[in-house]
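Chemist: Residue 0 is where the sequence shown starts when you use numbering that gives the first Met the number 0, and the numbers rise one by one after that.
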Amino acid sequence: MEKKKKQKGKLWKEFKDFINKGNAFMLAVGVVIGGAFSAITNSFVNILLSVCTWAVPGGLKGLVTVLPALNDAQKGMDASLGLGQFFDASALQELAKAEAVATYGEATVSETPTLIENVKATILSKYTLHGTTYTYNMSAVIDWGTLINAFISFIIIALVLFTIVKMANTIAAKKKQIDAQILEAYYEKHPEERPVPVEPGKPAPTEAELLAQILAELRKDNGEKSTPEAK
Numbered sequence: 000m001e002k003k004k005k006q007k008g009k010l011w012k013e014f015k016d017f018i019n020k021g022n023a024f025m026l027a028v029g030v031v032i033g034g035a036f037s038a039i040t041n042s043f044v045n046i047l048l049s050v051c052t053w054a055v056p057g058g059l060k061g062l063v064t065v066l067p068a069l070n071d072a073q074k075g076m077d078a079s080l081g082l083g084q085f086f087d088a089s090a091l092q093e094l095a096k097a098e099a100v101a102t103y104g105e106a107t108v109s110e111t112p113t114l115i116e117n118v119k120a121t122i123l124s125k126y127t128l129h130g131t132t133y134t135y136n137m138s139a140v141i142d143w144g145t146l147i148n149a150f151i152s153f154i155i156i157a158l159v160l161f162t163i164v165k166m167a168n169t170i171a172a173k174k175k176q177i178d179a180q181i182l183e184a185y186y187e188k189h190p191e192e193r194p195v196p197v198e199p200g201k202p203a204p205t206e207a208e209l210l211a212q213i214l215a216e217l218r219k220d221n222g223e224k225s226t227p228e229a230k
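#1: Which class does Val-31 belong to by DSSP, given the choice of helix, strand or coil?
#2: May I ask you to verify whether the segment 136-150 touches the segment 59-67, counting CB pairs closer than 8 Å and requiring at least 3?
#3: Note down, in chain order, each residue of its chain lying with its Cβ closer than 6 Å to the Cβ of Gly-83, except the 5 sequence neighbours on either side.
#4: Compute the Euclidean distance between the alpha carbons of Phe-36 and Ser-152, then round it to the nearest angstrom.
#5: Whose C-alpha, out of Gln-92, Pro-196 and Leu-160, is nearest the C-alpha of Leu-114?
#6: Taking Cβ to Cβ, would you say Asn-136 is nearer than 8 Å to Thr-145?
#7: Thinking C-beta only, is Leu-48 closer than 8 Å to Asn-148?
#8: Helix, strand or coil, according to DSSP, for Thr-132 in the structure here?
#9: Using the Cα positions of Leu-214 and Glu-206, report the straight-line distance between them to the nearest angstrom.
#10: For the putative contact between Ala-88 and Tyr-133, defined by C-beta atoms under 8 Å, what is the C-beta separation to the nearest angstrom?
#11: May I ask you to verify whether the segment 153-160 touches the segment 98-106, counting CB pairs closer than 8 Å and requiring at least 3?
#12: With a 10 Å radius around its C-beta and 16 neighbouring C-beta atoms as the bar for buried, classify Ile-122 as buried or exposed.
#13: Since Lys-173 and Gly-130 should fall inside the 8 Å C-beta cutoff, what is the C-beta to C-beta distance between them, to a whole number of angstroms?
#14: Apart from the five residues on each side of it in sequence, which residues of its chain come closer than 6 Å, Cβ to Cβ, to Arg-193?
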């Protein structure tokens, strides 16, 4: 029993040491601040893009390109009635009525007007609104608005992070300079406590220098061995 308590106590201590580490704590703070900063960035980007795309119908969401249909499945519900790859949002009611009449007959639609709303719901399930234009879900669409939004968000976030890092580095450099000035002032008042400067050591010999030394030693040894024989 006591052994289990000790193990639990050890695990709890290790867990506290882990969460109290600077890296883990700073990571948690970064995640929270990043989430809050993301909301601020998105709001700022939306405002900026709304101003920049004031004259674009439907705003930035209307900046889409519908690629030509390559098969019948991409041509829309009924291109002959105007329900092709895309249509203007203002024509939704008229197109729903035309589709209802073509499907059920004019007499039936006149007797049951709710059929128009049913057809409209069917149309809305197969089309997506981009600004003021509905595009067919099966069609290939290039959403320029989303691309521009992501690009501007990246630029804004990069600029803000660059500014923050620049300020942090400037503050750190200033603090380091002030600390050095304070330390120098202290050493001027107490010169006996100034540490002795460490002389730089001799640089390590290069490979060529080592080979030259070995060659010199070999020549020296050969010379010493040959001297007695000469005598």
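The beta-carbon is built from N, C-alpha and C at its ideal position, and this holds for glycine as well.
Modeler: This is what the structure gives:
#1: helix
#2: With the cut-off at 8 Å, the segment 136-150 and the segment 59-67 touch.
#3: Gly-75
#4: 11 Å
#5: Gln-92
#6: no
#7: Against a cut-off of 8 Å, the Cβ pair of Leu-48 and Asn-148 comes out as a contact.
#8: strand
#9: The alpha-carbon of Leu-214 is positioned some 12 Å away from that of Glu-206.
#10: 6 Å
#11: no
#12: buried
#13: The pair is not a contact, with the Cβ atoms about 49 Å apart (cut-off 8 Å).
#14: Tyr-186
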